[in-house]
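Just so you know, the sequence shown maps onto residues 1152 to 1377 in the working numbering.
Glycine residues also receive a C-beta, built at the ideal position from the N, C-alpha and C atoms.
Keep in mind the model is a prediction, meaning the values are calculated, not measured.
Have a look at the structure below, then the notes.
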Amino acid sequence: MSAPNSRVSDAIRYDDVRAEPIVLTPEQAAEVAKRAEALKKVLSDSKINAKYKIEVVFGKARGAVDVPTPGMVSFWLNGSKFHGGGDEKLYLCPGRTLKKSDCEAIMPAFSNTADGSICPSCGTIWKSENTIGELFFNLPMRKWAEVVHRYFRLFEYHCDIYLKFAPLDIRSISRAQAAKTTWEGSKKLANVREKRAKSIYPLRNIIKDINAGADIEKRFYAFLVA
Ligand SMILES: [Zn+2]
């Protein structure tokens, strides 16, 4: 139970990134309706500023689009006045990853307490090191597009997508961090954060593309391979 927050994503199977099943329970149907409503709201506001930032970092190793590429995903609250304009790192409830529940809710910084981090959705108190700060995948670009789409939905369709390249072996750093979290490893991951984005797909443009009838997952794919 002392899994570190930098989980090596071999543990996350491709099945886990698929969209909803076709036969929906009433709860799931309600959830879909809720999402559709959220999307409609986002789409109706052309001057929107994204609440969240999804950051995808590929290592130097990115090859042909159908060859698996290792990379890392992290989530941020877009610069809030609250924190002097800096982005605030967000965590996910590890319930689903640890197979304790289906929960994968967003855990904002204020969920941290002396006893651990309280998930605002399922109410579980987790050790802070169990909450998920980064996800690591090794996937071909089509599946990376699914991953981005999945987290775009999870983060309420309210995200800018940042793409970065880091000239280092993310996978080996993450493996090392998973075995033993070190200050040096954390520093390397923080350095990745400092990299300038190679490209940004801002929510405004995503909205424009969706309103123009684009298949958003295809747009994410195009963004990732551009
Ligand atoms: Zn939870």
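C-alpha gap between residue i and residue j, whole angstroms
i	j	result
Arg1301	Gly1267	27 angstroms
Cys1254	Val1299	18 angstroms
Leu1305	Trp1295	15 angstroms
Phe1371	Thr1248	24 angstroms
Ala1327	Lys1339	11 angstroms
Asn1263	Gly1364	41 angstroms
Ile1358	Ala1373	15 angstroms
Phe1287	Arg1186	26 angstroms
Ala1341	Thr1275	28 angstroms
Lys1369	Glu1335	37 angstroms
Ser1252	Ser1225	21 angstroms
Thr1176	Trp1277	29 angstroms
Glu1182	Gly1237	32 angstroms
Glu1188	Ser1195	11 angstroms
Ala1317	Pro1221	11 angstroms
Glu1297	Ile1351	17 angstroms
Asp1360	Ala1265	44 angstroms
Thr1332	Lys1204	25 angstroms
Lys1315	Ile1269	31 angstroms
Leu1190	Ala1184	10 angstroms
Glu1280	Leu1243	11 angstroms
Ser1337	Cys1273	28 angstroms
Trp1227	Val1174	33 angstroms
Asn1362	Ala1180	23 angstroms
Leu1241	Lys1250	20 angstroms
Nearest neighbour of residue i, chosen from the options [CA to CA]
i	options	result
Thr1282	Ala1260, Asp1360, Val1299	Ala1260
Gly1230	Met1223, Gly1222, Glu1239	Glu1239
Ala1348	Ala1187, Glu1368, Glu1206	Glu1206
Ala1201	Thr1333, Asp1360, Asn1362, Cys1310	Cys1310
Ala1377	Ala1265, Thr1176, Ala1184, Val1216	Val1216
Ile1324	Asn1362, Gly1237, Val1208, Ala1189	Val1208
Lys1346	Glu1280, Tyr1242, Gly1210	Gly1210
Phe1303	Ala1180, Ile1367, Ala1184, Val1174	Ile1367
For residue j and residue i, believed in contact at Cβ under 8 angstroms, the rounded distance
i	j	result
Tyr1308	Val1193	5 angstroms
Met1292	Leu1375	5 angstroms
Met1223	Glu1285	5 angstroms
Lys1199	Arg1355	For the record, residue 1199 in the displayed sequence is Ile; it is not Lys. Contact flag correct, Cβ pair sits at about 6 angstroms.
Pro1271	Ala1256	6 angstroms
Pro1353	Asn1289	Going by Cβ atoms, the distance from Pro1353 to Asn1289 rounds to 27 angstroms, so no, they are not a contact pair.
Residues bridged to residue i (per DSSP)
i	result
Phe1261	In the DSSP output, where bridge partners are listed per residue, Phe1261 has none listed.
Cys1310	Tyr1203
Gly1267	Thr1264
Tyr1352	Ile1312
Met1419	As displayed, the chain neither begins before 1152 nor continues past 1377, which places residue 1419 out of reach and without an answer.
Leu1175	DSSP, once it has assigned bridges, lists no residue as partnering Leu1175.
Lys1240	Trp1227
Ala1317	Gly1210
Trp1277	Ser1268
heavy atom of ligand 3 below 7 angstroms from residue i C-beta
i	result
Ala1265	Absence of ligand 3 is noted for the structure shown, with ligand 1 being the only ligands found.
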